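**Q** The structure that follows is given in the form of structure tokens.
Protein chains: 4
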Amino acid sequence: MTESAPLTPRGRRTRDAILRAAEEVIGGRGYSGAAIVDITRAAGIAQGTFYIYFDSKEAVFRTLVEEMGRFTRRSLSEATAGAKDRLEAERLGLRAFLEIAATRPLLYNIVEEARFVAPEAYDAYFTGFARAYTRNLEAAVREGTIRAGDAEIRAWALMGLAVTLGERYGQRNPEADRDRVVAEVFDMLERGLRP
Amino acid sequence: MTESAPLTPRGRRTRDAILRAAEEVIGGRGYSGAAIVDITRAAGIAQGTFYIYFDSKEAVFRTLVEEMGRFTRRSLSEATAGAKDRLEAERLGLRAFLEIAATRPLLYNIVEEARFVAPEAYDAYFTGFARAYTRNLEAAVREGTIRAGDAEIRAWALMGLAVTLGERYGQRNPEADRDRVVAEVFDMLERGLRP
Amino acid sequence: MTESAPLTPRGRRTRDAILRAAEEVIGGRGYSGAAIVDITRAAGIAQGTFYIYFDSKEAVFRTLVEEMGRFTRRSLSEATAGAKDRLEAERLGLRAFLEIAATRPLLYNIVEEARFVAPEAYDAYFTGFARAYTRNLEAAVREGTIRAGDAEIRAWALMGLAVTLGERYGQRNPEADRDRVVAEVFDMLERGLRP
Amino acid sequence: MTESAPLTPRGRRTRDAILRAAEEVIGGRGYSGAAIVDITRAAGIAQGTFYIYFDSKEAVFRTLVEEMGRFTRRSLSEATAGAKDRLEAERLGLRAFLEIAATRPLLYNIVEEARFVAPEAYDAYFTGFARAYTRNLEAAVREGTIRAGDAEIRAWALMGLAVTLGERYGQRNPEADRDRVVAEVFDMLERGLRP
DNA sequence: AATGAATGAGAGTTCATTCAT
DNA sequence: TATGAATGAACTCTCATTCAT
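What follows is the structure, given as structure tokens:
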């Protein structure tokens, strides 16, 4: 068990306070720059209280990564709900992803740090998306929406592109014109670079 | 000054030993998992000797990142030297990049860690590439090799894609068929996904 | 007051549960290795409940030591009840003591830990026995059952011997042939080592 | 490795200072009552310096126990060097043991604590003595100095007796007349309690 | 140029005890 | 009577850095 569930409303509030404080502090200073005392101070509780709800610093971190995973998945599925075809869905998905990067820069940061701090959680996060992506692209090929090709390689390529663009035109520059970014990228992806 | 230039050959050897040990140790355990004492032990020197050559832990790290930058630039320019046109150059560049990720996984790791540890160095690394990339793509447009479009967005998209593919099909899986990866990706990029 | 007397049967059950859990946990991991939370968890109660029945960790511990004292005294007096003379009583007493060490190893451990944790309780425990022992030996001298000699020194010597043999041939090795141990030791004590 | 050897005289002095401070502090307040900071303060060094020479609190402790083992063995062998026969050697050995308990009460305490803190070290300590004792008693039987009997049981019995007497008439009461104690005990052991 | 020793701030974590309900 | 939550001091240990030789 990496954390013990609170039994009372009060406990639930405290646990939530810790999670939000951890998001803020770890997202802001990075994992190893964030001290437990910083988190508990930000949460307005005593240091020892932290360990009632989480077994370790790593445990909150992992919880945050998982939370971010759930949040991203939910956001993407909501965003792509009304797409008329699969390519349209991809476009909307990228758009939503950039939006998340812009509006929750701290959580975005946390996921990226997981690459080193909690590699399995990081893998789980991206492998999950890659699988969904791959299935999607395969279906699109079957439907005739896109040309045949290795769906897995394409999936990782598209994810990598999304991650970096999210960092560039979302997290680090929330003012960027993300619609234009999406338009440009999909122009390239759909029609290709060839004249 | 983050490091003082050594004068004697002996000094140069020691400094090199530190750098190689740092690459190994930091690349292996991550920046904050690597202690100076681990590095000096791996280098076969006393702890105090480290500080004769580098001002701080961060200093070696930055040096490694810069080294990696030089190395990558050199590799890419060598790899793309014989390209017949700019799109061919891009293809060869991606191919070389994946190769670097596969053959120097530790340095690759180090660059990725720089995102948090030395953001400026990280930025410098990628912004440098992005600029070159952007210029390249602009020239290709002028030459008529590729269609018109926002070169900067394309550049970041292509870099993001390269970074993730490098991690996936290079660093983490050195056995992967990288030629096929490159072929697939360029098929998508050149001709587009549309049927 | 180190503990408050419980009134209701429910309270008595809870207090007993705490004592049995404390015996198990402290006996198993040692005094300072045993956390209150371990004890309450083993007792199936909330942490706070502990302090309704005992003032502190030391208080349960002392209670256990005293309980062990009562238990040992009762066991010994029952065991020696039918002895035909005082030397016979000593023999039966040692036999019973080894049996206690073998069958209640945890409580045995607790008494030994008291040496450091609750020196007064430990002293009380052994000084009590030593006094009884001393009286016994004095009486035996008066009766002519044993030769004259300093009863107190003999008492401590016999007790020390019993404690170590209890540890060796009882607590740590419950399979040992304790009858033989007693026979050997009393052969030595009664007839002496001289040929 | 539980400790790293100092390379310079200065280091040797520091390590010694730590050992003496640890003897004093742990011997005085018990293992778990002794904080590293107490030890380093007593040694006049910084807290971190401790960990240059010992891997952990347990490591110093074990070193002290072993030191005590060596010291006791040496003392006993010196004390019994001039004995005219084996029984005489035993008597001199007990005498020396009580003396150690009286003059190095702290180290004596440490050995007793090892029972819980470092059971293997404790076992090694006593099992070592028990073996020697057993061999000695077997030889005495062969020589005809003492009557036949189970040497191992006798050895543990005698050791237990020595330990408790050491505690009683040495460590806790350095003023006791230890010659008389030894005389009494050997009178009992040699001639037996029977009239 | 190089060494091994020393530093001390600060980290994560534990835990006996108290509190509000 | 009982609970789960909260406290905060104290603990062991780590480590980048400095120092004396």
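Protein chains in written order, with the numbering used here: chain A, 1 to 195; chain B, 1001 to 1195; chain C, 2001 to 2195; chain D, 3001 to 3195.
A virtual CB, placed ideally from N, CA and C, is assigned to each residue, including glycine.
Since this is a predicted model, take the numbers as computed values, not measurements.
1) Could you tell me the boundaries of the alpha helix (DSSP H) in which A/Gly48 lies?
2) What residues of chain C sit near D/Met3159, judged by a beta carbon separation below 7 angstroms?
3) For the stretch 3039-3117 of chain D, which segments carrying the alpha helix (DSSP H) assignment without a break, of at least 4 residues, lie completely within its bounds, in sequence order?
4) What is the DSSP secondary structure of A/Ala121, reduced to helix, strand or coil?
5) Please state the DSSP three-state secondary structure of D/Ile3153.
6) Is C/Val2185 close to chain D? Criterion is C-beta to C-beta, closer than 8 angstroms.
7) Nearest to C/Arg2015 by alpha carbon, out of C/Gly2033, C/Val2037, C/Ile2045 and C/Gly2027?
8) If you draw a straight line from the alpha carbon of A/Arg115 to that of D/Phe3054, how long is it in whole angstroms?
9) Mind checking D/Arg3086: buried by the 16 CB within 10 Å criterion, or exposed?
10) The alpha helix (DSSP H) that contains A/Ile26, what's its start and end?
11) What residues from the stretch 3060-3089 of chain D come within 9 angstroms of chain C, judged by C-beta to C-beta, listed N to C?
12) Could you compute how far the alpha carbon of C/Thr2002 sits from the alpha carbon of C/Ala2059?
13) Just checking my contact of A/Gly27 with A/Leu92 at CB under 8 angstroms: how many whole Å lie between their CB atoms?
14) State yes or no: is the beta carbon of B/Thr1002 nearer than 8 angstroms to at least one beta carbon in chain A?
15) Would you mind stating whether D/Glu3190 and C/Gly2192 have Cβ atoms separated by less than 8 angstroms?
16) Please return the same chain residues whose Cβ sits closer than 6 angstroms to the Cβ of D/Val3096, not counting the five positions on each side in sequence.
17) Checking contacts by CB at 8 angstroms: is D/Pro3202 closer than that to chain C?
18) Considering only residues of the same chain and omitting the five flanking positions on each side of C/Thr2040, which have a CB-CB separation below 7 angstroms?
19) Smallest Cα separation from D/Ile3110: which of D/Ala3162, D/Ser3056, D/Gly3069 and D/Glu3090?
20) Please tell me whether B/Glu1184 and A/Arg154 are closer than 8 angstroms, where the distance is taken between their beta carbons.
21) In this structure, how does DSSP classify C/Gly2160 when only helix, strand and coil are distinguished?
22) Between A/Leu7, A/Ala43 and A/Ser4, which has its C-alpha nearest A/Leu19's C-alpha?
23) Does any C-beta atom of chain A lie closer than 8 angstroms to the C-beta of B/Gly1144?
24) Give the straight-line distance between the Cα atoms of B/Glu1113 and B/Glu1120, rounded to the nearest whole angstrom.
25) Return the Cβ separation of D/Trp3156 and C/Thr2164 in integer angstroms, given the expectation that the two are a contact with Cβ distance under 8 angstroms.
26) Does any residue of chain A bring its CB to less than 8 angstroms from the CB of B/Glu1138?
27) Use the C-beta contact count for B/Gly1082: other C-beta atoms within 10 angstroms, 16 or more gives buried, fewer gives exposed.
28) Tell me whether D/Arg3194 is buried or exposed, calling it buried when 16 or more other Cβ atoms sit within 10 Å of its Cβ.
29) Pick helix, strand or coil for B/Thr1145, following the three-state DSSP scheme.
30) Determine whether the Cβ of C/Leu2019 lies closer than 8 angstroms to any Cβ atom of chain D.
31) Looking at B/Glu1099: is its Cβ nearer than 8 angstroms to the Cβ of B/Arg1178?
32) Counting contacts by CB-CB distance shorter than 8 angstroms, is B/Glu1024 in contact with chain A?
**A** This is what the structure holds:
1) In the DSSP annotation of this structure, the continuous segment of the alpha helix (DSSP H) that includes A/Gly48 starts and ends at Gln47 to Tyr53.
2) Here the neighbours are Thr2164.
3) For the alpha helix (DSSP H) assignment, the uninterrupted runs of no fewer than 4 residues enclosed by the stretch 3039-3117 of chain D are, from N- to C-terminal side, 3047-3053, 3057-3079, 3086-3103 and 3105-3117.
4) The answer is helix: DSSP assigns A/Ala121 an H, G or I state.
5) DSSP places D/Ile3153 in helix when its eight states are reduced to three.
6) At a cut-off of 8 angstroms, the C-beta of C/Val2185 has a neighbouring C-beta in chain D.
7) Ranking C/Gly2033, C/Val2037, C/Ile2045 and C/Gly2027 by Cα distance to C/Arg2015 puts C/Ile2045 first.
8) Cα to Cα, the separation comes out at about 35 angstroms.
9) Around the beta carbon of D/Arg3086, 16 or more other beta carbons sit within 10 angstroms, so the residue counts as buried.
10) Counting along the chain, the alpha helix (DSSP H) containing A/Ile26 begins and ends at Pro9 to Arg29.
11) Answer in chain order: Leu3087.
12) Because the pLDDT at C/Thr2002 is just 49, under 50, the model does not fix this residue reliably, and the point stays unresolved.
13) Wrong, their Cβ atoms sit about 26 angstroms apart, outside the cutoff.
14) Here the model assigns B/Thr1002 a pLDDT of 49, short of 50, so the residue's position is not dependable, and the following value carries that caveat. Interface annotation, B/Thr1002: not in contact with chain A, CB-CB separation never under 8 angstroms.
15) Cβ distance < 8 angstroms, so D/Glu3190 and C/Gly2192 count as in contact.
16) The question names Val, yet the displayed sequence has Ala at residue 3096 of chain D. Excluding positions up to five away in sequence, the list reads Ser3075, Leu3076 and Ala3079.
17) With chain D covering 3001 to 3195 only, the question about residue 3202 of chain D has no answer from this structure.
18) Answer for C/Thr2040: Ala2046, Gln2047, Thr2049 and Phe2050, listed in chain order.
19) Ranked by Cα distance from D/Ile3110, the first of D/Ala3162, D/Ser3056, D/Gly3069 and D/Glu3090 is D/Gly3069.
20) Contact flag set, yes.
21) Shown here, C/Gly2160 sits in a helix according to DSSP, grouped into three states.
22) A check of alpha carbon separations from A/Leu19 across A/Leu7, A/Ala43 and A/Ser4 identifies A/Ala43 as the nearest.
23) Taking Cβ atoms only, chain A reaches closer than 8 angstroms to B/Gly1144, which makes this a yes.
24) Cα-Cα distance, rounded: 12 angstroms.
25) Going by Cβ atoms, the distance from D/Trp3156 to C/Thr2164 rounds to 6 angstroms, so yes, they are a contact pair.
26) At a cut-off of 8 angstroms between C-beta atoms, B/Glu1138 does not count as an interface residue with respect to chain A.
27) That one is exposed.
28) That one is exposed.
29) Collapsing the DSSP output to three states places B/Thr1145 in coil.
30) No, because no Cβ of chain D sits closer than 8 angstroms to the Cβ of C/Leu2019.
31) Note that the C-beta distance between B/Glu1099 and B/Arg1178 is below 8 angstroms.
32) No, B/Glu1024 lies away from the interface with chain A (no Cβ there is under 8 angstroms from its Cβ).
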